[in-house]
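Quick notes on the structure that follows.
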DNA sequence: TCCCATGCGGAGCACTTGCTCCGCATAAGT
DNA sequence: ACTTATGCGGAGCAAGTGCTCCGCATGGGA
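Chains as they are written, first to last, in our numbering: chain A, 192 to 403; chain B, 192 to 403.
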């Protein structure tokens, strides 16, 4: 069964080399453009930058969404990987947490398409890379919590929402007031420390608002 | 000179009543739609809701931008006014600050067009309403600072950026995790209190990673 | 070298959206 | 009632964008 027919129905198993090259060029160009301009970009711009025609682009990625997802999965994976590494290298749990935010906000908050989709970490982390990132933050949270440095009751979702929130602040201030967000980060991190009088409101951690 | 010509060139000083009615209907409908869907909405939708034709809409507001600005000015003014009132009513400066954030995030973070434009408070507060809102926050900041409750070095811009940042968090979590942002607000407000060891980084540098 | 399955390019279609144009309706002054 | 400046409606234009179609080029097996 697994024997390939010799001549009549020669199914090619591997794509042609130019097709592979083109596919990579498309992803590369798309990554650039998505980082710069977000997912609302014109598909023609991606085709232009990758030196490829529309037909080629749409054969490799039948929907714009397919291309966007491919790129986002790749970039989120890269991010998660580097974040995990940085977290491992860090001396103590608290340093790991602060370093993570610093790195994330310095390096990835400029990636517009990533920031646009980061909110999905909270709703539906279906994209593989997003899930990986979530796992890293979960670990950071657990470690900082275990050492008693993190304010009791702070959850992974809190840290994620803070990331999304600050990511937006970075995008807003990036051009007109560079690194102004750094002050906000300090403020938020201090609010995350354990030395506070009152506990956090457990408002609706689990969709809490009482049902009608 | 100021005498109006009697019949040949009767310049009407006041517009026709139906024109006034239409204009108001347009603004009303636009305010609704902009709050729900943001400024990227189709102009036809506004015309439809206000029961008016495209021609009418574009005579009153030659550019879509004109209509949007008119609505935003109105809504920002309303917001600033109610915020000012609430701040005056508050018992102490800190309560005024927390109440402001609560009210802003509960009531105005759902206004999509307002949130989209709130970032302008930091860059170019040319819209009159935005400037008014900035003044309110300036007062809140000054009062809380004077009583020593606010962390030294915190500026009006910090409070504004926090507002923008949290506003985004509200929009993100509004549907899937209602009021989850409340926890983030508590964290941030605690970070704003005066009882912290280290001072805030004075804007740029700090941030560890050395400049080239 | 020859052949053809596989892949390529980009004009063009379908739809959206900001804005205009112009024939028709009517408020309001006489 | 009559007139007309003022205002109205909505079809339609122009530009942008996702996606398709089809004639042509070519990698790679023989």
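All C-beta atoms in this analysis are idealised placements derived from N, C-alpha and C, irrespective of residue type, glycine included.
CA-to-CA distance, residue j to residue i, given in whole angstroms
i, j, result
"residue 403 of chain B", "residue 295 of chain A", "Per-residue confidence for residue 403 of chain B stands at a pLDDT of 30, beneath the threshold of 50, marking its modelled position as unreliable; no derived number is given."
"residue 307 of chain A", "residue 258 of chain A", "16 angstroms"
"residue 233 of chain A", "residue 317 of chain A", "25 angstroms"
"residue 347 of chain B", "residue 336 of chain B", "11 angstroms"
"residue 285 of chain A", "residue 211 of chain A", "44 angstroms"
"residue 385 of chain B", "residue 338 of chain B", "10 angstroms"
"residue 260 of chain B", "residue 220 of chain B", "14 angstroms"
"residue 293 of chain A", "residue 391 of chain A", "24 angstroms"
"residue 315 of chain A", "residue 264 of chain A", "14 angstroms"
"residue 240 of chain B", "residue 370 of chain A", "43 angstroms"
"residue 214 of chain B", "residue 207 of chain B", "11 angstroms"
"residue 192 of chain A", "residue 205 of chain A", "Here residue 192 of chain A scores only 36 on pLDDT, less than 50, and its place in the model should not be relied on; the value that follows carries that caveat. Distance between the alpha carbons of residue 192 of chain A and residue 205 of chain A: 19 angstroms."
"residue 231 of chain A", "residue 255 of chain A", "10 angstroms"
"residue 393 of chain B", "residue 226 of chain A", "29 angstroms"
"residue 283 of chain A", "residue 291 of chain A", "12 angstroms"
"residue 379 of chain B", "residue 368 of chain A", "21 angstroms"
"residue 280 of chain B", "residue 289 of chain B", "13 angstroms"
"residue 235 of chain B", "residue 262 of chain A", "35 angstroms"
"residue 344 of chain B", "residue 389 of chain B", "11 angstroms"
"residue 218 of chain A", "residue 224 of chain B", "37 angstroms"
"residue 229 of chain B", "residue 278 of chain A", "38 angstroms"
"residue 287 of chain B", "residue 287 of chain A", "35 angstroms"
Bounding residues of the alpha helix (DSSP H) (the contiguous stretch that carries residue i)
i, result
"residue 377 of chain B", "372–383"
"residue 212 of chain A", "208–228"
Inter-residue CB distance, residue i and residue j (contact presumed, cutoff 8 angstroms)
i, j, result
"residue 305 of chain A", "residue 266 of chain A", "6 angstroms"
"residue 383 of chain A", "residue 341 of chain A", "6 angstroms"
"residue 216 of chain B", "residue 242 of chain B", "6 angstroms"
"residue 268 of chain A", "residue 320 of chain A", "4 angstroms"
"residue 172 of chain B", "residue 381 of chain A", "There is simply no residue 172 of chain B to check, as chain B begins at 192 and stops at 403 in what is shown."
Contact test: residue i Cβ vs the ligand PLP heavy atom, cutoff 7 angstroms
i, result
"residue 268 of chain B", "The ligand content of the structure shown is nil, which means the ligand PLP is not present either."
Continuous alpha helix (DSSP H) assignments of at least 4 residues falling wholly in the segment 308–373 of chain B: Runs of the alpha helix (DSSP H) inside the segment 308–373 of chain B: 311–314, 319–337, 347–364.
Given 8 angstroms, three or more beta-carbon pairs between the segment 270–284 of chain A and the segment 360–378 of chain A: When C-beta atoms of the segment 270–284 of chain A are compared with those of the segment 360–378 of chain A, fewer than three pairs fall below 8 angstroms, so the two segments do not count as touching.
Contact between the segment 295–315 of chain A and the segment 348–359 of chain A (3+ Cβ pairs under 8 angstroms): Here the segment 295–315 of chain A lies against the segment 348–359 of chain A, with 3 or more beta-carbon pairs under 8 angstroms apart.
Segment contact flag, the segment 307–324 of chain B with the segment 337–355 of chain B, C-beta cutoff 8 angstroms, min 3 pairs: Here the segment 307–324 of chain B makes contact with the segment 337–355 of chain B; the two share three or more CB pairs at distances below 8 angstroms.
The segment 369–381 of chain B touching the segment 332–340 of chain B, judged by at least three CB pairs closer than 8 angstroms: Flag = no, the segment 369–381 of chain B and the segment 332–340 of chain B do not touch.
Inter-stretch contact (C-beta, 8 angstroms, three-pair minimum) for the segment 240–251 of chain B and the segment 316–330 of chain B: Touching, no, given that fewer than three Cβ pairs across the two stretches are closer than 8 angstroms.
Contained alpha helix (DSSP H) runs [length at least 4] in the segment 234–322 of chain B, N- to C-terminal order: Taken in chain order, the complete alpha helix (DSSP H) segments of 4 residues or longer contained in the segment 234–322 of chain B are 234–241, 245–251, 255–280, 284–294, 303–309, 311–314.
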